[in-house]
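**Student:** One point on numbering: in our numbering, the residue at position 124 of the sequence shown is 124, and numbering is uninterrupted.
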Amino acid sequence: MPTPRLHEEKGQATANVRTDRLRFAGGTESTAVWVHEPDDVGRAVALLGLDGPRPALVVVGGAADLELHGGGSSLKELFRTGVAAAVEAAGAVAIDGGTNTGVMQALGQARAQPGRSFPLVGVVPAGLVSVPGTDADGGVRLEPNHTHFLIVPGERWGDESPWLDLLAAAVAGGRPTLTVLVNGGDVSWEDVAASVSGGRRVLVVDGTGRTADLLAEAVRTGSDPGRAGLLAETGMIDVFEAGRGGDALAAAILAALSEREEDGHG
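The structure is reproduced here in structure tokens:
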């Protein structure tokens, strides 16, 4: 199978950055860029064709076992009328983990609905995913409704976490950014920590299970001595009750993405 070609700028091959057009079995296509160093991210944004600066929403969370607790809106509704609607209205870029599972699949399917045109960028470790049209075909499948992919170095889940932060900052260029946590496992703790370290507020959707619910409880009680408590103590975590529904979630996200920047991340 063909390997991604080197991108050429002004006649010079850039050895650290490769780009290609991915074609999925269902007929969708995406632009992918492979990077190797943090300094490559700015060039990657240009190669992906992400005009900006513009607000950025990072979505992190569970790759499996997704369900809502306590009734109310379905997960699909939260992504369709909440997350996707807010990104579209804000003129923002959505960034997530890019695989065809969990929250990434839910966001990809929401992006595929009529009337949605926002860029959706999946950030994935090169050593773990199956990339259409390349020799990297033995890993986890990419979600086919993503418009772009940033493929980064990595052999374990979590290696992509700092790259999510780097990409959001590069896309935003001083515009507002926000991270939304839905459900989540062990890697989600790394994602949230990277967002907080980068100065990005995190909106936790309580009632979606696992990491999200643990972190929401720590924010409410202030009594968790572990990693949830340490993150809650930063004051960078906000809680949204999933039962309030998609429209309310969209309003909360849109408000955060409309605020004035006080620093480079949001």
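Cβ coordinates follow ideal geometry from the N, Cα and C atoms, glycine included.
These figures come from a predicted structure and were not determined experimentally.
So, with DSSP's three-state summary, where would you put Val-17?
**Tutor:** Taking the sequence shown and counting its residues from 1, one reaches residue 17 at position 17. DSSP places Val-17 in strand when its eight states are reduced to three.
**Student:** Just the C-alpha distance for Ser-117 and Asp-186, rounded to the nearest angstrom, thanks.
**Tutor:** Counting from 1 along the sequence shown, the entry for residue 117 is found at position 117. Counting from 1 along the sequence shown, the entry for residue 186 is found at position 186. Going by the C-alpha atoms only, they are around 31 Å apart.
**Student:** According to DSSP, is Ala-353 part of a helix, a strand, or is it coil?
**Tutor:** Any property of residue 353 remains undetermined from this structure, which presents the chain solely from 1 to 266.
**Student:** What three-state label does DSSP hand Pro-119 in the structure shown?
**Tutor:** Here residue 119 refers to the residue found at position 119 of the sequence shown. Looking at Pro-119 - three-state DSSP - the assignment turns out to be coil, as it is neither helix nor strand.
**Student:** Taking three-plus beta-carbon pairs below 8 Å as touching, is the segment 17 to 33 in contact with the segment 43 to 51?
**Tutor:** yes
**Student:** What does DSSP give as the partner residues of Glu-241 in its beta bridges?
**Tutor:** In the sequence shown, residue 241 corresponds to position 241, counting from 1. Answer is Asp-206.
**Student:** Return the CA-CA distance between Gly-62 and Val-204, expressed in angstroms with no decimal places.
**Tutor:** As a first step, residue 62 must be located in the sequence shown, where it is residue number 62. As a first step, residue 204 must be located in the sequence shown, where it is residue number 204. C-alpha separation (whole angstroms): 12 Å.
**Student:** Return the chain-ordered list of same chain residues with a C-beta closer than 7 Å to the C-beta of Gly-42, the five sequence neighbours on each side being excluded.
**Tutor:** Taking the first residue of the sequence shown as position 1, residue 42 is located at position 42. Once the five neighbours on either side are set aside, the close Cβ partners of Gly-42 are Ala-170.
**Student:** Below 8 Å on the Cβ atoms is my contact criterion, and I expect Ala-94 with Leu-107 to pass it. Report the Cβ-Cβ distance as a whole number of Å.
**Tutor:** The residue given as residue 94 occupies position 94 in the sequence shown. The residue given as residue 107 occupies position 107 in the sequence shown. The C-beta separation of Ala-94 from Leu-107 comes to about 7 Å, placing the pair in contact by the 8 Å criterion.
**Student:** Taking C-beta to C-beta, are Leu-142 and Val-129 nearer than 8 Å?
**Tutor:** Residue mapping note: residue 142 aligns to position 142 of the sequence shown, counting from 1. Residue mapping note: residue 129 aligns to position 129 of the sequence shown, counting from 1. With contacts defined by Cβ atoms closer than 8 Å, Leu-142 and Val-129 form a contacting pair.
**Student:** Are Val-196 and Glu-160 close, meaning C-beta to C-beta below 8 Å?
**Tutor:** Within the sequence shown, numbered from 1, the residue matching residue 196 stands at position 196. Within the sequence shown, numbered from 1, the residue matching residue 160 stands at position 160. With respect to Glu-160, Val-196 sits apart: the two C-beta atoms are not nearer than 8 Å.
**Student:** Pick helix, strand or coil for Ser-130, following the three-state DSSP scheme.
**Tutor:** What you label residue 130 is simply residue 130 of the sequence shown in a count that begins at 1. The answer is strand: DSSP assigns Ser-130 an E or B state.
**Student:** Relative to the C-alpha of Ala-232, which residue among Leu-214, Val-83 and Trp-34 is closest?
**Tutor:** By one-based count along the sequence shown, residue 232 stands at place 232. It is Leu-214.
**Student:** Return the residue from the list Pro-144, Gly-115 and Gly-97 that minimises the CA-CA distance to Arg-156.
**Tutor:** Locating residue 156 in the sequence shown gives position 156, counting from the first residue. It is Gly-97 whose Cα lies nearest to the Cα of Arg-156.
**Student:** Contact defined as beta carbons within less than 8 Å: I believe Ala-92 pairs with Ala-250. What is the distance between those atoms, to the nearest angstrom?
**Tutor:** Position 92 of the sequence shown, counted from the start, is the residue given in the question as residue 92. Position 250 of the sequence shown, counted from the start, is the residue given in the question as residue 250. The C-beta separation of Ala-92 from Ala-250 comes to about 12 Å, leaving the pair out of contact by the 8 Å criterion.
**Student:** Between which residues of its own chain and Asp-238 is the CB-CB distance below 6 Å, once the five residues before and five after are set aside?
**Tutor:** Walking along the sequence shown from the start, residue 238 turns up at place 238. Within the same chain, Asp-238 has close Cβ partners Leu-203.
**Student:** Quick check on Trp-157: does DSSP put it in helix, strand or coil?
**Tutor:** Taking the sequence shown and counting its residues from 1, the one referred to as residue 157 is at position 157. Trp-157 falls in the coil class under three-state DSSP.
**Student:** With a threshold of 16 other CB atoms inside 10 Å of the CB of Ile-253, please say whether the residue is buried or exposed.
**Tutor:** Numbered from its first residue, the sequence shown carries residue 253 at position 253. The residue in question, Ile-253, is buried, as its Cβ has 16 or more Cβ neighbours within 10 Å.
**Student:** At which residues does the alpha helix (DSSP H) containing Glu-88 begin and terminate?
**Tutor:** In the sequence shown, counting from the first residue as 1, residue 88 sits at position 88. Per DSSP, Glu-88 belongs to the alpha helix (DSSP H) from 84 to 90.
**Student:** Taking the beta carbon of Glu-37 as the centre, do at least 16 other beta carbons fall within 10 Å, making it buried, or is it exposed?
**Tutor:** Position 37 of the sequence shown, counted from the start, is the residue given in the question as residue 37. Glu-37 comes out exposed.
**Student:** Between Ser-223 and the rest of its own chain, which residues show a CB-CB distance below 8 Å, the 5 nearest in sequence each way excluded?
**Tutor:** Along the sequence shown, one-based indexing puts residue 223 at 223. Here the set comprises Gly-229.
**Student:** Among all the DSSP beta bridges, which residues are the ones paired with His-271?
**Tutor:** Absent from the model: residue 271. The displayed extent of the chain is 1 to 266, so no value can be given.
**Student:** Got a sec? Which residues, its chain only, sit under 6 Å from Asn-183 by beta carbon, not counting five neighbours each side?
**Tutor:** In the sequence shown, counting from the first residue as 1, residue 183 sits at position 183. Within the same chain, Asn-183 has close Cβ partners Gly-61, Gly-62, Leu-66, Thr-208, Gly-209, Arg-210 and Ala-212.
**Student:** Give every residue of the same chain whose Cβ lies closer than 8 Å to the Cβ of Ala-25, excluding the five residues on either side of it in the sequence, and list them in chain order.
**Tutor:** Within the sequence shown, the letter at position 25 stands for residue 25. Counting only Cβ-Cβ distances below 8 Å, and skipping sequence neighbours, we find Pro-132 and Pro-144.
**Student:** Using three-state DSSP, classify Ala-94 as helix, strand or coil.
**Tutor:** Stepping through the sequence shown from its first residue, residue 94 is reached at position 94. Correct three-state label for Ala-94: strand.
**Student:** Can you tell me which residues form a DSSP beta bridge with Thr-179?
**Tutor:** Locating residue 179 in the sequence shown gives position 179, where the first residue counts as 1. DSSP, once it has assigned bridges, lists Val-58 and Val-202 as partnering Thr-179.
**Student:** Could you give the residue range of the alpha helix (DSSP H) that holds Ala-110?
**Tutor:** Taking the sequence shown and counting its residues from 1, the one referred to as residue 110 is at position 110. For Ala-110, the enclosing alpha helix (DSSP H) covers residues 102 to 111.
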